[in-house]
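Under this note's numbering, the first residue of the sequence shown carries the number 862, and numbering increases by one thereafter. For every residue, glycine included, the Cβ atom is placed at its ideal position computed from N, Cα and C. Scroll down for the structure; my scribbles are underneath it.
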Amino acid sequence: MAGNKPLALKLRLIKAERQRGPVPSWIIMRTMGRVRFSPKTRRNWRIRKLKP
Numbered sequence: 862m863a864g865n866k867p868l869a870l871k872l873r874l875i876k877a878e879r880q881r882g883p884v885p886s887w888i889i890m891r892t893m894g895r896v897r898f899s900p901k902t903r904r905n906w907r908i909r910k911l912k913p
């Protein structure tokens, strides 16, 4: 990807980075371990791209 990115793309990348955190432990406990990860956190920069 180019070093010079449009502002809209930068903002989308920043938002995706912020949403990557793990699921809080109290949610895992409350759901009895059924919810262990969020689909938003399972994105690899090479494999699954963000929508343009």
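Between the C-alpha atoms of lysine 910 and proline 883 there is a straight-line separation of about 20 angstroms.
Going by C-alpha positions, lysine 866 is about 12 angstroms away from proline 913.
In this structure, arginine 904 lies near arginine 881, with their beta-carbon atoms less than 9 angstroms apart. Taking the CA atoms as reference points, isoleucine 875 sits about 17 angstroms from proline 900.
Taking the CA atoms as reference points, serine 886 sits about 30 angstroms from lysine 871.
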